[in-house]
Amino acid sequence: MCLGIPGKIKKIYEINNIKMAKIDYSGVEVEVCLEATPEANVDEYVIVHAGFTISRLSEGEANETLDILREIDKINQQEHNQ
Amino acid sequence: MTINDKYRNRELVQRTIQEIKDTVTQKWYIMEICGGQTHAFMQYGLNDLLPEEIELIHGPGCPVCVTSLELLDKAIAIASHKDVIFTSYGDMLRVPGSEKDLFSVRASGGDVRVVYSPIEALKIARDNPEKQVVFFGIGFETTAPANATSVIKASEQGLDNYSMLVSHVLVPPAMHAILSSPMNKVQGFLAAGHVCAVMGYKEYEPISKKYEVPITVTGFEPLDLLLGILQTVRMLENGQFQVKNAYPRAVKYEGNIQAQAIISKAFSECDRQWRGIGMIPMSGWKLRSEFQAFDAEIRFNVDHIQTKESEICISGLVLQGQKKPFECPAFRTICTPQNPLGATMVSSEGACAAYYRYGKYLNG
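Going line by line, the protein sequences match chains A and B. Throughout the first sequence, residue numbering follows our numbering, covering 2 to 83 in sequence. Throughout the second sequence, residue numbering follows our numbering, covering -7 to 356 in sequence.
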């Protein structure tokens, strides 16, 4: 249940006064509730739990963490070459 | 390629493991709180790649596993009412109650339905005004925004035939319980990334300080898990007791403020019984008094429940990180995913199910 799945927002709309969205999980479209991330936009990645978005994924932060890991990689390689 | 796919890069995984090996100098016990992370470690085989100095202790972060037997028996009693449509997340249906499980209620003619979200349960209530629709609101902080929203919307829309059996549990009080136990071995934690996505990680700072344990907010992809381990090991080796965030693409320090507002509108803190562990003070959420009309425990008279737990199953000790699944005499003999004695063998986040599924009984 904690294994949230990231998906991309394709469409935002309302049903019965509840903010909903169509999310694309690598080709599979699912309807989720957008009430906890109402500011999320189309084409943005969100994490979904129990049919409910709980977090917007930051692409900038994602790349920054990878850069830190690549930095470790570089240091390792330098040490290896020495 | 999604953002997360980049976190499965084989070369970076190998390099990060090497960095962990180069950093570690002694034995460390690290608990991954979330059962989803227990499964992810085994699914990717990462636990076999880590240096032997690092021992992962599997935490109680499996909501299906810790939902109390009393509440499960109440769910079974409510689901057996003939005018009730009982809705639940799928994993809960096979968890053994004192006498039977929710699947057997369905087999005997009860209307028990699996839903993906409580928003679906609301729709069922709207479509079936002559029935009482009950949703089994289990979960940690991650499912709380969804569960809370369903009650708030039911109240706003006058859906009087909807109610929730609430079994919400919270991570920080469980960490207090683990760390203050005389049996505790845990020296560092991987905090569950998605719980922190909702709640932030401010509330972990006093825990880290009080018990002198490093805590790293950690995601679910291979590189996320390894970065969580690396940051925790670095802090352990340096004697630092802080909270760090290894999952910043999804988690902010303050969490999701909107989600927290939804939660506190519907829920307030309460003592909660954890299956296999016992009562942990202020470790749960219950519906606020203004939403009591939607509380299934009040709507249905189910106070006379007598519970009976399996005498063999050691899932409580597994949930507290004190025993490994293969140390249970019932593991793989009389307890299997097809015929589970305890909830840890049922759930896709349970440690026993993970050991069974990924063959972790072969070499211990």
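C-beta: ideal position from N, C-alpha, C; glycine also.
Cα-Cα separation, residue i to residue j
i	j	result
glutamine 29(B)	glutamine 298(B)	34 Å
isoleucine 22(B)	threonine 208(B)	10 Å
isoleucine 199(B)	serine 27(A)	38 Å
cysteine 3(A)	lysine 123(B)	Confidence in cysteine 3(A) is poor, its pLDDT being 48 and thus under 50, which makes the residue's placement unreliable; the coordinate value appears in the next sentence. Distance between the alpha carbons of cysteine 3(A) and lysine 123(B): 31 Å.
tyrosine 245(B)	lysine 74(B)	47 Å
glutamine 234(B)	leucine 171(B)	16 Å
asparagine 230(B)	isoleucine 73(A)	18 Å
lysine 189(B)	glycine 52(A)	A small correction: the amino acid at residue 189(B) is alanine; lysine does not occupy that position in the sequence shown. When rounded, the distance between both Cα atoms is 15 Å.
isoleucine 48(A)	valine 31(A)	13 Å
isoleucine 12(B)	valine 97(B)	49 Å
glutamine 179(B)	lysine 20(A)	43 Å
leucine 4(B)	proline 165(B)	35 Å
isoleucine 13(A)	leucine 114(B)	20 Å
asparagine 1(B)	valine 33(A)	29 Å
serine 100(B)	glutamate 195(B)	45 Å
tryptophan 20(B)	isoleucine 24(A)	41 Å
serine 173(B)	glutamate 148(B)	44 Å
valine 16(B)	arginine 7(B)	14 Å
tyrosine 347(B)	leucine 48(B)	13 Å
alanine 22(A)	isoleucine 111(B)	13 Å
asparagine 120(B)	asparagine -4(B)	40 Å
asparagine 64(A)	tyrosine -1(B)	10 Å
C-beta contact flag for residue i and residue j at 7 Å
i	j	result
alanine 41(A)	isoleucine 55(A)	no
leucine 182(B)	threonine 210(B)	yes
alanine 238(B)	glutamine 223(B)	yes
alanine 71(B)	glycine 102(B)	yes
threonine 79(B)	arginine 105(B)	yes
proline 315(B)	isoleucine 306(B)	Going by the sequence as given, residue 315(B) is lysine instead of proline. Going by C-beta atoms, lysine 315(B) is nearer than 7 Å to isoleucine 306(B).
proline 214(B)	tyrosine 81(B)	no
methionine 34(B)	valine 56(B)	no
alanine 140(B)	isoleucine 255(B)	yes
asparagine 153(B)	valine 187(B)	no
phenylalanine 323(B)	proline 317(B)	yes
phenylalanine 292(B)	valine 143(B)	no
isoleucine 308(B)	glycine 268(B)	The sequence as given places glycine at residue 308(B); isoleucine does not occur at that position. In contact: glycine 308(B) and glycine 268(B) (Cβ atoms closer than 7 Å).
isoleucine 10(A)	valine 43(A)	yes
glycine 27(B)	glutamate 319(B)	no
alanine 253(B)	phenylalanine 283(B)	no
tryptophan 277(B)	histidine 168(B)	no
leucine 38(B)	leucine 219(B)	no
alanine 32(B)	leucine 157(B)	no
proline 321(B)	alanine 345(B)	no
alanine 117(B)	leucine 94(B)	no
tyrosine 46(A)	leucine 58(A)	yes
proline 240(B)	glutamate 60(A)	no
glycine 185(B)	glycine 247(B)	no
aspartate 310(B)	arginine 86(B)	Here residue 310(B) is valine; the residue named in the question, aspartate, does not match the sequence. Their beta carbons are not under 7 Å apart, which means valine 310(B) does not touch arginine 86(B) by this criterion.
Residue i (DSSP reduced to helix, strand or coil)
i	result
leucine 228(B)	helix
glutamine 234(B)	coil
cysteine 54(B)	coil
cysteine 320(B)	coil
isoleucine 269(B)	coil
tyrosine 196(B)	helix
valine 107(B)	coil
glycine 276(B)	strand
leucine 70(A)	helix
valine 5(B)	helix
alanine 253(B)	helix
phenylalanine 286(B)	helix
lysine 13(B)	helix
serine 155(B)	strand
alanine 69(B)	helix
methionine 337(B)	helix
methionine 182(B)	Checking the sequence shown, residue 182(B) turns out to be leucine, not methionine. Strand, per DSSP.
alanine 242(B)	coil
threonine 325(B)	coil
glutamine 18(B)	coil
Cβ-heavy atom distance, residue i to the ligand SAM, below 6 Å
i	result
glutamine 234(B)	The ligand content of the structure shown is nil, which means the ligand SAM is not present either.
Checklist entry - Taking any Cβ of chain B, which residues in the region 33 to 48 of chain A have a Cβ under 9 Å from it, in chain order? => result Contacts with chain B (Cβ-Cβ distance below 9 Å) from the region 33 to 48 of chain A involve Val33, Cys34, Glu36, Ala37, Thr38, Pro39, Glu40, Tyr46, Ile48, listed in chain order.
Item to check | Segment contact flag, the region 298 to 316 of chain B with the region 53 to 72 of chain B, C-beta cutoff 8 Å, min 3 pairs | outcome: With three or more CB-CB distances shorter than 8 Å, the region 298 to 316 of chain B counts as touching the region 53 to 72 of chain B.
Checklist entry - Does the region 105 to 115 of chain B come within contact of the region 260 to 273 of chain B, defined as at least 3 CB pairs closer than 8 Å? => result Short answer: they don't touch.
Checklist entry - Is it true that the region 126 to 142 of chain B meets the region 56 to 71 of chain A, where meeting means three or more beta-carbon pairs spaced less than 8 Å apart? => result Cβ pair count under 8 Å is below three, so no.
Checklist entry - Residues in the region 177 to 191 of chain B with C-beta within 9 Å of chain A's C-beta atoms, listed in sequence order? => result Closer than 9 Å at the C-beta level to chain A, one finds these residues of the region 177 to 191 of chain B: Ala184, Gly185, His186, Val187, Ala189, Val190.
Checklist entry - Looking at chain A, which residues of the region 200 to 229 of chain B have a Cβ within less than 7 Å of any of its Cβ atoms? => result Cβ contacts with chain A: Phe212, Leu215, Leu219.
Next on the checklist: Taking beta-carbon pairs under 9 Å, can you tell me which members of the region 91 to 120 of chain B lie near chain A?
Outcome noted: Per Cβ criterion, the list reads Val107, Tyr108, Ser109, Pro110, Ile111, Glu112, Leu114, Lys115, Arg118.
Checklist entry - Using Cβ-Cβ distances below 7 Å, what residues of the region 4 to 22 of chain B are close to chain A? => result Correct list: Leu4, Arg7, Thr8, Gln10, Glu11.
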